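Take a look at the structure below.
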Amino acid sequence: MHRRDLLRWLGGGALGMICGPLAARPACAAHDMYVDGGLVAIGGGLTETIFALGAGDQVLGADTTSTYPEPANALPRVGYQHTLTPESILSLRPDVLIHDGSAGPSTTLERVAGAGVKLLTVSGEPSLNGFKIRVVTLGCWLRAEARAMEIIRSVEADLDEARKIQTDLGRPPRLVLLMAHGQGNAVAAGRDTKADALARLCGGENVFQDYSGYRPVSREGVMARRPDALIISGEAAADFGGSLSRVPQYVGDTLFLLGFGPRLGEAVLDVSRFLNQGLAGHTVGIGHS
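Numbering of the sequence shown is given in our numbering, commencing with residue 82 and proceeding in unit increments.
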């Protein structure tokens with residue numbers, strides 16, 4: 082497997098997103114970007130991808146969203162991805178910290194970098210293309226280019242199968258995508274989110290297009306959008322019983338649905354099957370641990 086094959090997935094326009102100032106050079110030719118020492122991974126989908134690439138033994142610690150696979154769930158924790166502390170990271174003595182741009186606060190990152198830890202950032206784009214860029218980039222950094230290609234091919238095979246299922250839907254089903262937010266109420270996904278991208282990959286239409294990001298929503302607010310189905314992360318399921326119990330619901334694990342890691346194709350295929358077969362008005366609970 083040649084490194085140039087990796088770049089065919091992305092095209093010249095994506096090369097700059099991978100390498101930034103190194104865009105004039107082949108993505109995997111940047112030897113100074115190789116990650117040979119211990120690392121801390123921030124972001125559940127990113128951590129899962131590192132393990133899928135066969136580099137799990139390099140991961141010294143991860144944030145609290147990194148719950149899959151099981152070895153990742155057993156790693157030392159450095160806190161929630163947006164509220165990291167420098168002490169928790171530096172105590173592990175990593176050579177590198179890898180994140181997708183969502184790690185913070187900035188003061189923590191500055192202190193970690195000041196202590197000599199290299200900070201590497203992959204694309205956090207919430208899309209299929211963003212997923213491919215992340216896998217290719219990590220494959221380059223971790224000297225796992227061939228495995229990166231295998232992961233992308235596996236996901237694309239699942240997506241091809243999902244598209245065949247979606248042809249039977251007739252019209253794009255109107256979806257509301259809900260997830261828990263800290264200790265507060267559930268929030269609904271709007272534009273520019275992984276949940277919105279998931280809806281489109283599943284052949285559906287996210288009904289909350291009038292805002293970007295996530296916003297709190299009530300049962301009444303959901304029903305006013307007249308959804309055909311709800312896609313709910315398990316933590317938010319308890320908030321949407323009552324009148325919403327009549328709306329078909331897919332309940333799944335947050336990282337499985339929104340991690341946009343190696344199981345992306347499996348998640349899209351699972352939800353597509355539900356939308357094709359399960360719009361019969363009963364709650365569908367599917368566990369992915």
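By construction, the Cβ of each residue, glycine as well, lies at the ideal position given by its N, Cα and C atoms. Remember, predicted model here, so these are calculated numbers, not experimental data.
Out of the options, state which residue places its alpha-carbon closest to the alpha-carbon of residue i.
i: R215; options: T128, R327, Q358 and L200; result: T128
i: S353; options: A267, E316 and P253; result: P253
i: V177; options: E168, D277, L141 and L165; result: L141
i: I312; options: A269, E206, G294 and A194; result: A269
i: I123; options: L201, L258 and G197; result: L201
i: V332; options: L258, T188, Q162 and A143; result: L258
i: V198; options: I170, A305 and R234; result: I170
i: S172; options: T164, H180 and V159; result: V159
i: R300; options: A317, D277 and T188; result: A317
i: A184; options: T130, G205, S235 and S314; result: G205
i: M304; options: R327, G285 and A194; result: R327
i: A155; options: D277, S147 and Q162; result: S147
i: P175; options: F212, G118 and R234; result: G118
i: I335; options: G220, G285, L279 and E286; result: Looking at the sequence provided, one finds Thr at residue 335 rather than Ile. Comparing Cα positions, the closest option is L279.
Spatial neighbours of residue i within its chain, please: C-beta separation below 6 Å, excluding the five flanking residues on both sides.
i: P45; result: This structure cannot speak to residue 45, because the chain is shown only from 82 to 370.
i: L223; result: V116, L134 and A136
i: D351; result: none
i: A243; result: V349, L350 and S353
i: G346; result: V236, D239 and L240
i: G126; result: G340, F341 and G342
i: L114; result: Contrary to the premise, residue 114 reads as Met rather than Leu in this sequence. Closer than 6 Å at Cβ, skipping near neighbours: W222.
Based on the DSSP output, what are the partners of residue i in its beta bridges?
i: R158; result: A143
i: G333; result: S314
i: T202; result: H180
i: P297; result: V268
i: L120; result: V140 and V177
i: V257; result: L311
i: E286; result: R255
Give me the Cβ distance between residue i and residue j, rounded to the nearest whole Å; I'm assuming they're in contact under 8 Å.
i: F341; j: K275; result: 5 Å
i: L256; j: P308; result: 6 Å
i: R192; j: P167; result: 4 Å
i: I165; j: Q139; result: Here the sequence assigns Leu to residue 165, which means Ile is not the residue at that position. Their Cβ separation, rounded to whole angstroms, is 19 Å, which puts L165 and Q139 out of contact at 8 Å.
i: S314; j: M260; result: 4 Å
Excluding sequence positions up to five away, which residues of its chain have a Cβ less than 8 Å from the Cβ of residue i?
i: P102; result: Reliability fails at P102, whose pLDDT of 32 lies under 50, so the model's placement of it is uncertain and the value that follows must be treated cautiously. The answer is none, since no qualifying residue turns up.
i: H112; result: Residue placement at H112 is flagged as unreliable, the pLDDT there being 48, under the threshold of 50; the coordinate-derived value follows with that caveat. Cβ within range, chain order: n/a, list empty.
i: L360; result: P254, D309, A310 and P329
i: Y292; result: G271 and R272
i: R306; result: R255, V257, V288 and F289
i: N357; result: I246, Q247, D249 and L250
i: G302; result: A269
i: P152; result: F132 and G137
i: L325; result: R300, V303, M304 and L311
i: R281; result: N287
Does any C-beta atom of chain D lie closer than 9 Å to the C-beta of residue i?
i: G220; result: Considering every chain present, this structure includes no chain D. It has just one protein chain.
Give me, in chain order, the residues of the same chain whose beta-carbon lies closer than 7 Å to that of residue i; leave out the 5 immediate sequence neighbours on both sides.
i: Y161; result: D144 and T145
i: G294; result: G271, D273 and T274
i: T189; result: L165, T166 and P167
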